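Novice: Dropping a structure here in structure tokens format, bear with me for questions.
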Amino acid sequence: MKKPIVLIVVSAIAIVALILLVVSINKEKVERKAMSSVAINPEAEIKKFESKSSEWGKYYPRQYDSYMQTKDSDKIDDVLKKDPGLVILWAGYGFAKDYNAPRGHHYILEDNINTLRTGGPTDDKTGPMPTACWTCKSPDVPRYMHENSELDYFTGKWARLGTEISNPVGCADCHDNKTMKLTPARPFLARAMDKEGSLPYADATHQDKRSLVCAQCHSEYYFKKTEWTDPSGSKKTAKVVTFPWDNGFTVEDMEKYYDDINFKDWTHKISKAPMLKAQHPGYEIFITGAHGLNNVACADCHMPYVREGGVKYSSHKVGSPLDNLGNVCMTCHRGTEQELRDTVARKLERKAELHKTAINVIGKAHLEAGKAWELGATKEEMQDILQDIRHAQWRWDYSIASHGSFFHAPEETLRILGTAINKGQEARLKLRTVLAKYNAVDYVAPDFSTKEKAQEIIGLPYQKLVDEKVGFQNNLRKEWIEKQKQKGLYDPKAWEGIELKTSYN
Amino acid sequence: MKTGNIIKYIAIGSVITVVGLFAYMVYASNMISYLSEDPKVCINCHVMTSHYATWQHSAHRESATCVECHLPQESLVDKMIYKSMDGAKDFAAMTFRTFGKHIKVSDSATKRIQANCIFCHRETVSQMTVNSKLYQENGESTQIDRNCWDCHRKTPHGSTRSLTATPDNIGVKEEP
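Protein sequences appear in the order of chains R and H. Going by the numbering used here, 360 is the number at position 360 of the first sequence; the sequence numbering is gapless. Going by the numbering used here, 57 is the number at position 57 of the second sequence; the sequence numbering is gapless.
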């Protein structure tokens with residue numbers, strides 16, 4: 001009789017205690033959820049793929065304000081003027097027309113619209129470029145893909161989507177609208193990661209995603225021709241942005257990928273070489289460097305944790321860490337700011353030295369090849385040479401096109417530049433033999449030391465391109481903006497205070 | 001006999017209830033997760049989110065987890081003793097809400113952390129500790145009985161770490 005009663009009494013005490021404890025635990029959990037939802041603002045009613053960043057900014061004012069400060073980086077820096085050899089290297093390709101150093105994210109769409117590369121379309125079917133050229137410029141891209149389809153988006157001329165693409169890169173490109181979790185909005189990144197295999201997208205951690213949201217755009221890509229049938233049954237060809245990562249992340253892996261599928265971006269106007277344009281393999285090069293290998297994310301340096309009064313948040317003023325060295329480098333490195341600045345400057349000098357040599361070597365190779373053709377060289381004689389030129393320029397371009405490579409991975413960048421110069425000189429050695437055969441052993445390539453001279457050598461109708469562009473700016477672009485306003489896509493805040501700034505006005 | 005039976009059943013029922021409630025408590029409190037050393041376990045309690053977020057943005061992120069600084073590293077027995085003691089203390093503080101707005105490390109943890117600073121950075125500070133022993137008879141750590149973070153004030157949690165200091169940390173929101 002006694003034992004059960006003791007048991008009941010002890011149990012009753014335990015039950016009361018446990019109930020109180022469970023109630024307390026659950027209360028804490030509710031509180032935790034409430035605290036977490038400070039980031040996941042309960043009042044925030046942001047639509048899926050909302051492309052107007054000011055809508056997100058209502059709930060995340062600090063992040064939005066800092067993002068808007070990318071406005072500060074507004075200087076137009078004409079790279080073709082600085083390195084006129086580039087005009088020769090890109091003869092027959094858009095980059096020979098106009099190429100500026102990138103400005104802040106705030107200007108990304110404005111600059112895409114104004115560059116001579118996107119031409120001066122007069123309606124939605126004209127102009128030199130495909131829709132794919134919008135891909136990394138705007139959160140309206142994932143929105144459009146979501147509302148229509150990815151293949152629909154990648155079909156047609158650039159101008160076809162002029163009325164749809166209205167906002168510069170912003171919140172929806174990297175964040176989920178409900179949870180704010182980092183979510184790269186473009187589907188081709190996950191596809192490429194899964195194919196490459198070393199980090200399948202599903203395995204990516206939060207820290208990985210602090211780089212991957214950048215990698216969805218700051219990577220090497222090409223436009224893969226893809227046949228598809230639209231809902232009405234007509235056959236179409238899409239040009240789908242694709243990362244050439246199937247064989248791996250190195251420059252050689254991607255070179256092999258392109259060689260295996262016989263891909264070329266264009267045929268060089270002077271040398272007739274089947275060329276590759278390296279885009280901006282920022283992520284691929286970064287992961288080979290000291291910072292990448294130590295699990296530092298892009299956001300750690302380009303979006304540092306900053307303090308504002310009593311609150312800390314990730315600055316969304318994406319730009320050069322050198323502008324904020326104390327908040328960035330000094331988190332991990334000791335020494336003075338000046339020492340670090342000098343180290344970075346020295347790295348840049350080293351790259352610039354090999355970079356200039358490579359441009360000079362490859363530029364001359366193109367012109368010498370052009371001369372060889374002129375004198376009657378045969379396809380058989382030129383084939384090997386053109387392949388060398390293709391590889392030399394691909395490697396040179398790959399090493400520098402991401403701008404930050406000299407710092408992200410100096411050894412890899414200089415190594416690639418070394419192989420580029422070597423390949424270029426090999427082509428020139430072989431070219432000398434061909435030139436000698438056609439009695440032009442003394443041939444000296446013409447001077448391409450200014451942008452104007454270089455554009456004249458390649459026969460670029462510069463003024464015509466400018467006139468077409470200005471015509472477009474005064475007509476079609478204005479129509480686009482009106483239509484964007486009617487569709488409710490236009491965000492005045494995204495365009496406030498932007499003046500027309502280009503290399504040609 | 002009949003009453004005896006009823007009491008027996010009540011007794012069995014109450015024991016089952018206790019077991020059931022206990023099982024639910026284990027589930028609700030994420031109890032099993034405390035066996036792990038994952039820093040995310042420390043944000044089971046939301047009052048630690050600022051500490052987690054500031055650490056996650058610091059250089060120590062790559063080389064030291066929460067317990068690697070806050071618990072003794074040299075002996076497993078000590079580690080378990082202090083883990084249990086701190087755990088019990090935190091349990092009481094959370095349940096009875098006795099923690100204040102400004103959470104500070106205990107004196108006991110101060111000693112452990114200081115020992116861990118020296119343990120990892122021994123190459124750098126060996127001469128300092130030797131010197132301090134020459135000049136300072138009573139102090140257990142460095143000169144004038146100071147701790148490393150009396151000078152390195154922002155390591156690793158930064159100078160801003162109140163409960164509301166890091167409102168928008170999406171990485172911290174992941175469930176442990």
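Even for Gly, the Cβ is constructed at its ideal location relative to N, Cα and C. Remember, predicted model here, so these are calculated numbers, not experimental data.
For R:E308, report the span of its alpha helix (DSSP H) as first-last.
Specialist: From DSSP, R:E308 is part of no alpha helix (DSSP H) but of the beta strand (DSSP E) over 305-308.
Novice: May I ask whether a heavy atom of the ligand PLP can be found less than 7 Å away from the beta carbon of R:Y504?
Specialist: Looking for the ligand PLP in the displayed structure turns up nothing, as the structure carries no ligands at all.
Novice: Under a three-way DSSP split, which group does R:Y222 fall into?
Specialist: Strand at R:Y222.
Novice: Going by DSSP in three states, R:V318 sits in which element: helix, strand or coil?
Specialist: Three-state result, R:V318: coil.
Novice: Cα separation between H:Y24 and R:S402?
Specialist: Roughly 54 Å between the two C-alpha positions.
Novice: What residues of chain H sit near R:S315, judged by a beta carbon separation below 7 Å?
Specialist: Ordered by position in chain H, no residue passes the 7 Å Cβ test against R:S315, which lies about 11 Å from the chain.
Novice: So is H:G20 buried or exposed if we call it buried at 16+ other beta carbons inside 10 Å?
Specialist: Exposed, by the Cβ-count rule.
Novice: For R:W520, name the three-state secondary structure that DSSP assigns.
Specialist: Because chain R is modelled from 1 through 505, residue 520 of chain R falls outside the range shown and cannot be assessed.
Novice: Give the residues of chain H in contact with R:N295, contact being defined as C-beta atoms less than 7 Å apart.
Specialist: Under the 7 Å cutoff, chain H gives E62.
Novice: In chain order, which continuous runs of the beta strand (DSSP E) of length 3 or greater are located wholly inside the region 157-234 of chain R?
Specialist: Runs of the beta strand (DSSP E) inside the region 157-234 of chain R: 222-229.
Novice: Should H:Y9 be labelled buried (16 or more other beta-carbon atoms within 10 Å of its own) or exposed?
Specialist: Counting Cβ neighbours within 10 Å, H:Y9 comes out exposed, since fewer than 16 surround it.
Novice: Work out the CA separation of R:D388 and R:G370 for me, nearest whole Å.
Specialist: Cα-Cα distance, rounded: 15 Å.
Novice: Could you give the distance in angstroms between the alpha-carbon of R:A494 and the alpha-carbon of R:S138?
Specialist: Computed Cα separation, rounded: 11 Å.
Novice: Quick one: does R:N505 have its CB under 8 Å from some CB of chain H?
Specialist: Chain H contact via Cβ: absent.
Novice: Report the residue from R:N327, R:P187, R:S149 whose alpha carbon sits nearest the alpha carbon of R:T229.
Specialist: Answer by Cα proximity: R:S149.
Novice: Do the CB positions of R:D491 and R:K97 come within less than 8 Å of each other?
Specialist: Result no, Cβ atoms of R:D491 and R:K97 do not sit closer than 8 Å.
Novice: Going by DSSP in three states, H:P39 sits in which element: helix, strand or coil?
Specialist: If DSSP states are grouped into helix, strand and coil, H:P39 belongs with the helices.
Novice: Does R:L525 come within less than 8 Å of chain H when only Cβ atoms are used?
Specialist: Chain R is shown only over 1 to 505; residue 525 of chain R falls outside these bounds and no answer can be derived.
Novice: So R:Q63 is in the alpha helix (DSSP H); what residue range does that whole segment cover?
Specialist: First-last of the alpha helix (DSSP H) with R:Q63: 61-68.
Novice: Taking the beta carbon of R:T336 as the centre, do at least 16 other beta carbons fall within 10 Å, making it buried, or is it exposed?
Specialist: It is exposed - the Cβ of R:T336 has fewer than 16 other Cβ atoms within 10 Å.
Novice: Closest to R:Y60 by CA distance: which of R:E368, R:E353, R:H316, R:Q455 is it?
Specialist: Per the Cα distances, R:H316.
Novice: Please confirm if R:K511 has its CB atom under 8 Å from at least one CB of chain H.
Specialist: Because chain R spans 1 through 505 in this model, residue 511 of chain R falls outside it and cannot be assessed.
Novice: Report the option in H:I16, H:I7, H:K83 whose CA atom is closest to the CA atom of H:C66.
Specialist: Taking only the C-alpha atoms, the option nearest H:C66 is H:K83.
Novice: Of all Cβ atoms in chain H, is any one closer than 8 Å to the Cβ of R:T331?
Specialist: With 8 Å as the cut-off, R:T331 counts as an interface residue toward chain H.
Novice: Once the 5 residues before and after R:P446 are set aside, which same chain residues still bring their CB inside 7 Å of it?
Specialist: Only L367, I457 meet the Cβ criterion.
Novice: Find the nearest neighbour of R:A172 within the set R:L199, R:K29, R:Y144, judged by alpha-carbon distance.
Specialist: That would be R:Y144, whose Cα lies nearest to the Cα of R:A172.
Novice: Just the chain H side, please: which residues come within less than 8 Å of R:Y60 by C-beta, in chain order?
Specialist: What R:Y60 touches in chain H: D168.
Novice: Give the secondary structure of R:A372 by DSSP, where H, G and I count as helix, E and B as strand, and everything else as coil.
Specialist: If DSSP states are grouped into helix, strand and coil, R:A372 belongs with the helices.
Novice: Where does H:N169 sit, in a helix, a strand or coil, going by DSSP?
Specialist: Correct three-state label for H:N169: coil.
Novice: Return the residues of the region 4-27 of chain H that lie within a Cβ-Cβ distance of less than 7 Å from chain R, sorted by chain order.
Specialist: Cβ contacts with chain R come from G4, I7, K8, I10, A11, S14, V15, T17, V18, L21, F22, Y24, M25.
Novice: If I'm right that R:P4 touches H:A11 with Cβ under 8 Å, what's the distance once you round it to whole angstroms?
Specialist: Yes, R:P4 and H:A11 are in contact; Cβ-Cβ is about 4 Å, under 8 Å.
Novice: Please tell me whether R:R390 and R:M275 are closer than 8 Å, where the distance is taken between their beta carbons.
Specialist: Contact flag set, yes.
Novice: Report the neighbours of R:I113 on chain H: residues whose CB is nearer than 8 Å to its CB, in chain order.
Specialist: Here the premise fails: no neighbours, minimum Cβ distance about 32 Å.
Novice: Would a check of beta-carbon distances place H:P176 closer than 8 Å to chain R?
Specialist: Because H:P176 carries a pLDDT of 37, less than 50, the predicted location of this residue cannot be relied on, and the following value inherits that uncertainty. Judged by the 8 Å Cβ criterion, H:P176 is not in contact with chain R.
Novice: H:H157 CB to nearest chain R CB: under 8 Å?
Specialist: Judged by the 8 Å Cβ criterion, H:H157 is not in contact with chain R.
Novice: Measure the CB-CB distance between R:S73 and R:G233 and report whether it falls below 8 Å.
Specialist: Taking 8 Å as the Cβ cut-off, R:S73 and R:G233 do not qualify as a contacting pair.
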